[in-house]
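Notes for the one structure printed next.
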Amino acid sequence: MSTPNLLAQRKATVLPNALSDTERHIRVVSLGGTISMTNPSNQESGGATPTLTGSDLVGAVPELQDEAIITVDDYLQVPGASLTVEEIAQLAERLHEATAEGVTGIVVVQGTDTIEETAWLLDLLYQGAAPVVLTGAMRNASMPGADGPANLLSAVRTAASPEARDLGVLVCFADQIHSARQVRKIHSTSTAAFSSPSTGPIGHVVESVVKMHYWFDRTPGVPLPLARPVSVEVATAALGSTGALLDGLEAHVDGIVIAAFGAGHVPSCWVQRLQALATRIPVVLTSRTGSGSVLSHTYGFAGSERDLLERGLISGGSLDPLKARILLMAHLATGSDRETLSTAFARYS
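Be aware that the sequence shown starts at 87, since it is given in our numbering, and climbs by one per residue.
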């Protein structure tokens, strides 16, 4: 069945239940980040820092009042790089509480450094029907051409759209709509910093209208609360690397993600270290390329994907290293056993 037919079916299912304009209630949750930052004119004063509240951000975009009833939750005011897993887990609980109060869509504004990770973690932890849309800015509010107001407006329009219901967590940036599962930050400064390399955006905001092209099945959830803090790190294969940092790693982390070459390959000198680690902690094999999938049985040399999987590593499938780390961390924090972990990752193979 073609994508257009699938999209037509989805529209036929959702639109009869569409909310009227007066019933749309969007909660804007502010976490801080560049979108909330200002920079004094004196460049020697220390640079941009978070100063704007969620109410400030909403007040700067009067068009929002035409889209929905807007309420604001000033949850945090920190740079994206300083967000923690525990704070995002608490945010997921706040999202469930908001929908229980009758909120029909949620926009989360935060720093762009970690949007691809927080979106994926929220997608695992939040299983409500109301859309959750993350956005931010690449230019702070003091800069010419600040992109925060436009991104916030498009995100609210997406969260208010009936076409976004039941799609889980989305990222809206530069009028593109991405799924949490696929989105990546691909540029350090461009206002078009986000992309979905393997699939492209799932929708766009065009002339104020949300247009979805296709969608993904909802991600199987991980139950809240996260029972315990866990540590999961990423080790990246590089030309000539000896793998020395892998020695004794099991004493310091609960799991490890390997960002391997190509389709899942590492230097041969890593093999014994990884096999030993896999007997003690979960070791997930991913590709450092950022798109495409780890293979399973194409190559057979020492350090190939087949060799490593036979030695006990878990395939990360099509998940990039950062997404695989979030999935592994969430499951370990809820006490998942090896079989549950393998099943969770098998969905992406």
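For each residue, glycine too, the CB sits at the ideal point set by N, CA and C. Keep in mind that this is a model prediction, so the values were computed, not measured.
Discussion item. Is the separation between the beta-carbon of T157 and that of R113 shorter than 8 angstroms?
Written reply: yes
Item to complete: Please check the pair R304 and G191, which I expect to be a contact at CB under 8 angstroms, by giving their CB distance rounded to whole angstroms.
Response: About 16 angstroms; that fails the 8 angstroms criterion.
Worksheet item: First and last residue of the alpha helix (DSSP H) that includes S240?
Response: G234 to A246
Worksheet entry | Three or more C-beta pairs below 8 angstroms linking the segment 310–323 and the segment 339–359 | yes
Worksheet item: What do you get for Q268, buried or exposed, if any count of 16 or more other CB atoms within 10 angstroms of its CB means buried?
Response: buried
Worksheet item: If you draw a straight line from the C-alpha of I447 to the C-alpha of E336, how long is it?
Response: In the structure displayed, the chain extends from 87 to 435; residue 447 sits before or after that span and is not available.
Item to complete: Kindly indicate which residue of P126, T185, I201 and T372 has the alpha-carbon position closest to the one of K271.
Response: I201
Fill in: Where H351 sits in the DSSP three-state scheme
strand
Worksheet item: Which residues bound the beta strand (DSSP E) around T157?
Response: I155 to V164
Item to complete: Drop a sphere of 10 angstroms on the beta-carbon of T120, count the other beta-carbons inside from all chains shown, and report buried for 16 or more, exposed for fewer.
Response: buried
Discussion item. Counting C-beta neighbours from all protein chains within 10 Å, is the total for P165 16 or more, i.e. buried, or is it exposed?
Written reply: buried
Discussion item. Going by C-alpha to C-alpha distance, which of R397, L360 and L325 sits closest to G334?
Written reply: L360
Discussion item. Which residues does DSSP list as the beta-bridge partners of E319?
Written reply: I342
Worksheet item: Thinking just about the alpha-carbon of each residue, which of S354, D423 and S168 is nearest to the one in R392?
Response: S354
Practice prompt. Starting from the Cα of P309, find the closest Cα among V193, T420 and T135 and give me that residue.
Written response: T420
Worksheet item: With distances taken between CB atoms, is the gap from I288 to S265 smaller than 8 angstroms?
Response: yes
Worksheet entry | Where P136 falls: helix, strand or coil (DSSP) | strand
Fill in: Helix, strand or coil at M224 [DSSP, three-state]
coil
Item to complete: Evaluate contact between the segment 408–417 and the segment 379–397, counting only Cβ atoms and requiring at least three cross-stretch pairs below 8 angstroms.
Response: no
Worksheet item: Would DSSP call V189 helix, strand or coil?
Response: coil
Item to complete: Assign I201 to one of three DSSP states: helix, strand, or coil.
Response: helix
Discussion item. Within 8 angstroms, do at least three Cβ pairs link the segment 214–232 to the segment 242–252?
Written reply: yes
Worksheet entry | Residues sharing a beta bridge with Q262, DSSP | F259 and H290
Discussion item. What does DSSP give as the partner residue(s) for I400 in the beta ladder?
Written reply: V370
Practice prompt. Spatial neighbours of E179 within its chain, please: CB distance less than 7 angstroms, with the 5 preceding and 5 following residues excluded, ordered by chain position.
Written response: L310
Worksheet item: Does the distance from the CB of L177 to the CB of L208 come in under 8 angstroms?
Response: yes
Discussion item. Restricting to Cα atoms, I'd like to know which of V295, G286 and S281 is closest to P248.
Written reply: V295
Worksheet entry | Buried or exposed by the 16-neighbour rule on C-beta atoms within 10 Å, applied to T204 | buried
Worksheet entry | Exposure label - D152; buried when at least 16 CB within 10 Å | exposed
Discussion item. Alpha carbons only, please: which of H351, A175, S422 and W356 is nearest the one belonging to S401?
Written reply: H351
Worksheet item: Whose C-beta lies closer than 8 angstroms to the C-beta of S54 among residues of the same chain, with five residues either side of it excluded?
Response: Nothing about residue 54 can be reported from this structure: the residues present for the chain run from 87 to 435 only.
Worksheet entry | Rounded C-alpha distance that separates N125 from E173 | 26 angstroms
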